Every structure is written in structure tokens, then in C-alpha cells.
DNA sequence: GTAGTGTGACTGAGCGCTCGTTCATAATTG
DNA sequence: CAATTATGAACGAGCGCTCAGTCACACTAC
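Chains as they are written, first to last, in this note's numbering: chain A, 1 to 212; chain B, 1001 to 1212.
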């Protein structure tokens, strides 16, 4: 399995020292995320990214070949963080319906906390060159795959009614997207529901399908 | 109720003849949608919009004050078309669960056909000036409102178990977003499901909540 | 009719400026 | 010293938008 670090290293750099590259790029990402969230990718200039990182523009271009490189680094970093959060959530070994409910709760919590970051990916993935857009979309699939596995495990335990493979996959997508929905409709939903309300109601919704 | 036409007229123009303005703007929108879908808003130039419309750039700016004006016109037009589709779907008067199933089927059909347009709104709404972004989001809410009403009507008929107001609203949002999900995950979902499969499975999912 | 005048849609060269990127040079490190 | 890392002025392509001017047509005056 190619690690996320390996993906990052695919971006060419003038700088020889790999640790330095890793550190500098982390700095760049940290600075760029905020800027992209605040103003969007296209309205953020490379000079602003450099300034926010504490670099000269020249130095920025030692660690990155283009502005799009920065966007890709940002997207990768966000996915890594989301995936880490979800994996943490899936470590807990409850059983049956409780396991599913707990999984949803944790995942929606991640979405809640990473609101702006998830939104950013929805809005700016299209600005990536095709080669990297593909990678970002693969990340999205892998994330949904985690839910597929978790669901399959719960069902194999006999704690939920059987579902065919097709249904499991779709339920996993639904869970993923209903988490995202909180981020891109929050401006409206938050008028009517707290995140707790939202989790409770949606959990009921999802369990409904699985043999209420 | 302010009509969509009224919204459009809010945009200033140098041209006196209102019918001409309407016709020209329709031309502009038609040309711009394709370009925006193909290359995105930021990578489309005003010159390209003008050329695709068959206008000189000067003329374009007689009907529009800025490039963002064009984006707003495009977003409005798309929402109008979607809303028309949904309203058509809601005219059919079936009963109870069948009414709900039919509604979902029609709406998902609209999403399927307007795939690219819905995606465009997801990706470019953020590029609008705040004043207009607000309007576009209001359109989104109004659309969901149509589902709220339809659900309330069905429930009032006693054909579905009672739901409190809060749940109805959330189910309406879920239907809206699960329709959108087909558009922004289609690149993946279509490998496993036809649109028919998708509609069938998701309808089961949604009816599941409402007392399977 | 026709010459004169006014109106308003339309044209497109070009202005002013921003942006992503480069590169000659300087500083630092070992 | 040599190699590496860092600087920031300079470049030039490309952008949104303007505006002086053209042109077709309608209206008036005689």
C-alpha cells in the first residue's frame, strides 16, 4: 500500500534534504489551509501563501513546482486527518447496532470538527490537475471503504439483518455523505438542530434501513 | 412572491429594451453554462463567454456589470430548471407511500439529467459575492421546502406514520442531498449501480425510516 | 422624398494591473 | 571552499473591464 507520505514525495523539489522538505511542506500546508478556507484557492496568491508560511516566494518554489502542488498537499493532509479520525473511531469494539451507532457518532463528530476542511475539498478538488484529482477521489473512496468493512464486520457478527453487498456499499456512501451534509448545509441545519440532534436523528434514519 | 425574473432584473444594464435584455441574457447564460461546466468559473474568461455567445466583449458588458453577474444568472437559471422539474413531479397525485416513492423517483431523475449543472452549483456558489450567494442558498432551501410540504401532505393523509416537524424537515434534506449525491459520486457509483438501481435502493432506504 | 438629427445597440483596441513563475545573487552550512 | 538553501526583483502572459467611436435605423422638418 502506498503511504500518504509516498504520495507527497511524488512532488518534485529542488531541496535535497528529505526531512527539511517534509518540515517545510508541513509549514506550507498549515499556512495554505487557512488561506484557502478563508478566500478560496483561486483568490489566494502564491505570495500570500509564502508570506503566511514565513517564506520568500522563491523559497516556496523550492518545495513545490506550482500553486496546484500546494492545493494537492493540502487535500492530502486533510484526508489524512479525516482518515485518522475515522480509524480511531473504528478501533472501539462495540457490538451490533451499538457499534454502528458509535461509528456514526464518531464520524459525524469528525465532520463537525473538520467542517471547513471538508467543504474545501468539495469546492476545490476540481481545481486540481486530473492526475491529482484522481488521487483525491480515490481517498474519498477509501474512506467510504472503511465503513463498508465496518458494516460487513457487524453483519457477519449476526447483529444486524443480512444485507447484500450492493446495499452495504450504498449504506456506506450514505453515511459518508450524510456526514458531509452537515458541513455544507450547516448554515441552515444549525438553525434547527444541534450537532447532537443531528447525530441522533440521522442515526435513527440509518438504522431504520437496517431493519428498524 | 418575487419571481425569478424579478431577481434577474436586479442586475443593471445599459440597454433600454427589456425584451432584448431578457433574450440576450438567455443567450449569455446558455453559452456560459457549458463553459463553466467544462472549465470552471475561474478558468473561463469573459472573452470566451462573449465569443461563445457571439458577442463582442463590449456588448457582453452592456448586459452585465461583471463576470460574477454571469455566474449569478447561470445559477438562477439552473435552479429555475430544477425547481420546474421538481414541481412537475409533485403535481402527480398518488397516495401514501407510492406518492413518496414517485416523488423520489422523479426528483432523482431530475438530478440525473442535470448532473453537471448541480455539480456546478456545488462548486461555484462560493465564487459569488455574498449578496448573491445568499440568494442561491435560499433557492436551495426553497427546493427542500417543496419536499417538506409534500411529506407533510402525505402524512396528513394518514398514509405514513406520524413524524414530528423536526424529522420531516431532516428527511426532506436527506432526500435532496441523496439526489445530489448521485451527481457528485456518480463517477464511482455508476460502476456499481444504474440510476434505476440507485433510485430503487435509496427509495427503500428512505421508506425504511418512515416505518419499514 | 430627402436631408438632417438623434438614439441606442454594438465594436474591439487597449488600459491598468495582478499573478504565477524564474533566476542571478546572497547567505548559510559543513 | 563547495554545496546547499534562501532571497526578492524582474518578467511577461493574461485578465477584467472601459470607452471613443461606428453603424443601422427612426423620427422630424421642409
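All residues carry an ideal CB built from backbone N, CA and C; glycine is no exception.
Since the structure is predicted, the reported quantities are computational estimates derived from the model, not experimental observations.
Reduced DSSP category for residue i - H, G, I as helix; E, B as strand; rest coil
i	result
residue 159/A	coil
residue 173/A	helix
residue 1123/B	helix
residue 62/A	coil
residue 129/A	coil
residue 1166/B	helix
residue 197/A	helix
residue 34/A	helix
residue 1017/B	coil
residue 1093/B	coil
residue 10/A	coil
residue 1039/B	helix
residue 47/A	helix
residue 192/A	coil
residue 1153/B	helix
residue 1054/B	coil
residue 1185/B	coil
residue 212/A	At residue 212/A, the pLDDT of 44 sits below 50, so the modelled position is not reliable and the matter cannot be decided from this model.
residue 1114/B	coil
residue 1109/B	helix
8 Å Cβ shell around residue i - same chain, five flanking residues per side excluded
i	result
residue 133/A	125, 126
residue 152/A	168
residue 78/A	33, 114, 117, 118, 120, 121
residue 87/A	146
Integer-rounded CB distance, given that residue j should sit under 8 Å from residue i
i	j	result
residue 154/A	residue 100/A	6 Å
residue 1172/B	residue 1205/B	So it is not a contact: roughly 15 Å between Cβ atoms.
residue 136/A	residue 121/A	7 Å
residue 105/A	residue 199/A	5 Å
residue 1128/B	residue 1196/B	Actually they do not touch by this definition, with Cβ atoms about 35 Å apart.
residue 1057/B	residue 1046/B	6 Å
residue 226/A	residue 1131/B	Absent from the structure is residue 226/A, since the part of chain A shown begins at 1 and ends at 212.
residue 170/A	residue 1201/B	5 Å
residue 1011/B	residue 1107/B	Wrong, their Cβ atoms sit about 30 Å apart, outside the cutoff.
residue 1192/B	residue 123/A	About 26 Å separates the two Cβ atoms, so there is no contact after all.
Cβ neighbours of residue i in the same chain (closer than 7 Å, five flanking residues each side left out)
i	result
residue 1032/B	1049, 1070, 1074
residue 103/A	89, 90, 150
residue 1094/B	1102
residue 186/A	115
residue 1044/B	1035, 1036
residue 139/A	79
residue 18/A	none
Other residues of its chain near residue i: CB distance less than 6 Å, five sequence neighbours each side excluded
i	result
residue 1015/B	1021, 1062
residue 1096/B	1159
residue 1053/B	1027, 1028, 1031
residue 194/A	none
- Are at least three pairs of beta-carbons, each pair with one atom in the region 165-183 of chain A and one in the region 1164-1184 of chain B, less than 8 Å apart? Yes, they touch.
- Message: For the structure I just gave you, are there three or more beta carbon pairs, one from the region 112-120 of chain A and one from the region 153-166 of chain A, closer than 8 Å?
- Response: With a cut-off of 8 Å, the region 153-166 of chain A and the region 112-120 of chain A do not count as touching, because too few Cβ pairs lie within range.
- Are the region 137-147 of chain A and the region 70-87 of chain A touching, with three or more C-beta to C-beta distances below 8 Å? Contact between the region 137-147 of chain A and the region 70-87 of chain A is established, with three or more Cβ pairs separated by less than 8 Å.
- Message: Taking 8 Å as the cut-off, does the region 1053-1066 of chain B touch the region 1024-1036 of chain B (at least 3 CB pairs, one atom from each stretch)?
- Response: Because the criterion of three Cβ pairs below 8 Å is met, the region 1024-1036 of chain B and the region 1053-1066 of chain B touch.
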